[in-house]
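Participant: I have a structure here, written as structure tokens, and I will follow up with some questions on it.
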Amino acid sequence: ADAGKNGIVMSYTGRAAPWQIIRQVKPKLHRIIKKVSFGEETAQSENEIWDGENLSAMVTLYKYRGQVDLVVTDPPYNTGEDFRYNDKWDKDPNDPDLGDVVPKDDGSKHSKWLRFMTPRIWMMREMLTPGGVMAICIDHRELFR
């Protein structure tokens, strides 16, 4: 991957690139969640709230790439209590197994978390308009890593 003269590249030796993973994700059927939807049904289709696994949601919504003003995500915080990682997701991102909880003392927990997040952040960026905003809810333990 070429990041240009002054860019940063994240490389995972022996792993698929984010776009290779994304191409394998199966879209989900879209349904409007009535309890968080307001207004006429035509207006609801212009402003949507999706609840679920964000990578499959963004693959489903890919037809809107470059048209989204705001993406908000609340990923697992990688605290050793709530983040699960399935190493098979690199080969089959549709594998339903949630994987094992990554313990606090796992020396590769930050790499696993970044590996989990990279295709998601890549897709979020693709969805945004040039002036769009990506908001990632994260706590102080992972913020500066």
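Each step along the sequence shown adds one to the number in our numbering, with nothing skipped, and position 32 is 51.
C-beta: ideal position from N, C-alpha, C; glycine also.
How many Å lie between residue 154 and residue 91 at the Cα?
Facilitator: Computed Cα separation, rounded: 5 angstroms.
Participant: Assign residue 150 to one of two classes, buried (16 or more other C-beta atoms within 10 Å of its C-beta) or exposed (fewer than that).
Facilitator: Residue 150 should be labelled exposed.
Participant: I'd like the span of the beta strand (DSSP E) that includes residue 155, first residue to last.
Facilitator: Residue 155 -> beta strand (DSSP E) spans 147-155.
Participant: To the nearest angstrom, report how far apart residue 120 and residue 129 are at their CA atoms.
Facilitator: Whole-angstrom Cα-Cα distance: 13 angstroms.
Participant: Do residue 80 and residue 139 have their C-beta atoms closer together than 7 angstroms?
Facilitator: Against a cut-off of 7 angstroms, the Cβ pair of residue 139 and residue 80 comes out as no contact.
Participant: Residues bridged to residue 92 by DSSP?
Facilitator: DSSP, once it has assigned bridges, lists 155 as partnering residue 92.
Participant: Using 10 angstroms around the beta-carbon of residue 103, count the other beta-carbons present and answer buried if the total reaches 16, otherwise exposed.
Facilitator: Flag for residue 103 reads exposed.
Participant: State the Cα-Cα distance for the pair residue 124 and residue 37, rounded to the nearest angstrom.
Facilitator: Whole-angstrom Cα-Cα distance: 26 angstroms.
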